[in-house]
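Numbered according to mature numbering (1 follows the signal peptide of the UniProt record, and there is no 0), the sequence shown spans residues -30 to -1, 1 to 47. Glycine is no exception: its CB is placed at the ideal position from the N, C-alpha and C atoms.
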Amino acid sequence: MAHAKKGTGGALLIIAFVVAMAMVISSCHAADYCHAIFPCSDETCTNYCQKNNYKNFQTYCTSGQYYPNCCCRVPDA
């Protein structure tokens, strides 16, 4: 009867977990492209994202140093 070395099962389990998590995290990744726009509203931000040819985007505004930022969240970027 063959015996495996002690401790290899735990190491293999950890490696499998790390690989699985890397695959899950990379598939959920989305890129945010932000630019200062005044005034930042749903309408102006949507126009900005369309003008820059982003596809399947979601928009949101954040506060910036001097002006608000319009952000285009693009999945699978």
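* To do: Compute the Euclidean distance between the alpha carbons of Asp12 and Cys42, then round it to the nearest angstrom.
  => 11 Å
* Asked: To which residues does DSSP link Thr32 through a beta bridge?
  -> Asn39
* Answer with buried or exposed for Thr32, where buried requires no fewer than 16 other C-beta atoms within 10 angstroms of its C-beta. => exposed
* Reducing DSSP to helix, strand and coil, say where Tyr3 ends up. => strand
* To do: Compute the distance between the beta-carbons of Tyr37 and Phe8, then report whether it is under 8 Å.
  => yes
* Reference Cys15, options Pro45, Ala(-1), Asp46, Cys40, closest by Cα -> Cys40
* Compute the Euclidean distance between the alpha carbons of Ala1 and Tyr24, then round it to the nearest angstrom. => 11 Å
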